[in-house]
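Step one of this worksheet: look at the structure below.
Numbering (mature numbering (1 follows the signal peptide of the UniProt record, and there is no 0)), first residue to last: -17 to -1, 1 to 184.
What follows is the structure, given as structure tokens:
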């Protein structure tokens, strides 16, 4: 079953490969990059139907004018630019914490935790699949929450809850040989960690 599950990801790529040539180009790409207003109008009509779309074209023209007046910076220029310093620090912090948050360790050791929790050998792959599905569903939930609470709240809340779960998971793994129910608590914590990861970072 697992070879088929891994191969199934190629199915969506194949569908995209076959259908992509039939999709129209982006109107903004045609107008801003190519400078072809007629092709832009044709793409807009294909996407949104017949009608007066001059307001959308005017918006794209404004975007083109804004881009023309914006200077493109090289990587070293971005690093040296003092006005971009805080944005660069924030970006580096978010990306670093995303890599070091522990999600890879959770996925790597989850099989061993499930095995220690006395799950049947044939059930463990399905429980692992449930962990991945949990992350997928929490990411979808995040897309609805981000408009209400904002990115900062979700980042702070997600990382705080993930730290708490990791601390509890360390404790339950240390005590799993003393109390039989600790194994199951560890499994619940793994699912919670993945949910908070999907909602936060």
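Glycine included, every Cβ here is placed at the ideal spot set by N, Cα and C.
With respect to the 9 Å criterion, residue 122 and residue 173 are not classified as neighbours on the basis of their beta carbons. In the three-state reduction of the DSSP assignment, residue -10 falls in the helix class.
Just measuring C-alpha positions, the residue of 119, 47 and -16 sitting nearest residue 19 is 47.
Annotation for residue 166: the continuous alpha helix (DSSP H) segment containing it runs 165 to 182. Comparing alpha carbon positions, the residue from 99, 107 and 2 closest to residue 157 is 99. For the set 68, 51 and 49, the Cα lying nearest the Cα of residue 58 is the one of 68. The alpha carbon of residue -13 has as its nearest neighbour, out of 5, 108 and 43, the alpha carbon of 108.
Just measuring C-alpha positions, the residue of 180, 163, 25 and 40 sitting nearest residue 120 is 180. Only exposed fits residue 124, as fewer than 16 other CB atoms lie within 10 angstroms of its CB. By the Cβ rule, the stretch 135 to 147 counts as touching the stretch 70 to 90, because three or more pairs are nearer than 8 Å. Judged by DSSP in its simplified three-state form, residue 51 adopts helix.
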